[in-house]
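Encoded as structure tokens, the structure appears first; notes follow it.
Residue numbers (UniProt numbering): 1 to 225.
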């Protein structure tokens, strides 16, 4: 599965493009990933739906993220869906950037030496076992061909999850290639990686949902069952 060409930033930047991702808040407890998918696909092709869930109770936190194929679809979804009622409750729909920044603690992981066949869904299925992933993993691709450049970024919600992923996956084989997994370099810094003591201290002071586990749906052109 490929979400198409990804806009490439500085290699050390592990922030993912948010131009086509929206935040949906104020969700009733009965809302599911499938319901959100079926609702928002009316606005345009949906790449993924992400509702962080509690690992023990499996209940969501009243919000989620929806990634579209393009910015126009995301903007249209905001226009027509904001404040509509779902199970009797008005939902809030806007661009995800501000909300993602609030949740981003810096647990950003670089995954290298990827086989060309590795796609975003395989990365999600592999790395979500270690904890909440804030966005769909992003494989950096050639802007013209859409082919993988052999590396990707995974943004976890907690350092507990990212530490576990690095420890367990660095050097492991994925599609017959030994991948490298480490903390990504920070943007505009001289060789400093994420995962610093300062980042960890800030994350500990303001825990968001370190025990949550997301339930992700990748669209394949079919309605989820």
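Even for Gly, the Cβ is constructed at its ideal location relative to N, Cα and C.
Keep in mind it's a predicted model, so treat the numbers as computed, not measured.
Taking residue 75 as the reference, which of 95, 64, 91 and 108 has the closest Cα? 95
Boundaries (first-last residue) of the beta strand (DSSP E) holding residue 185: Premise fails: residue 185 is in no beta strand (DSSP E) and is neither H nor E.
What's the C-alpha gap between residue 45 and residue 21? 12 Å
How is the alpha helix (DSSP H) around residue 121 delimited, first residue to last? 120-127
Could you compute how far the alpha carbon of residue 228 sits from the alpha carbon of residue 197? Residue 228 falls outside the range modelled here, since the chain spans only 1 to 225, and no answer is possible.
Let me check understanding here. Comparing Cα to Cα, which of 138, 89 and 116 lies closest to residue 62? 89
The alpha helix (DSSP H) that contains residue 69, what's its start and end? First-last for residue 69: undefined, no H or E at that position.
When the Cβ atoms of the stretch 174-187 are set against those of the stretch 112-120, are three or more pairs found closer than 8 Å? Here the stretch 174-187 lies against the stretch 112-120, with 3 or more beta-carbon pairs under 8 Å apart.
Give the DSSP bridge partners of residue 152, in chain order. Answer by DSSP bridge pairing, in chain order: 111 and 139.
Beta-carbon separation (whole angstroms), residue 158 vs residue 107, contact threshold 8 Å: 6 Å
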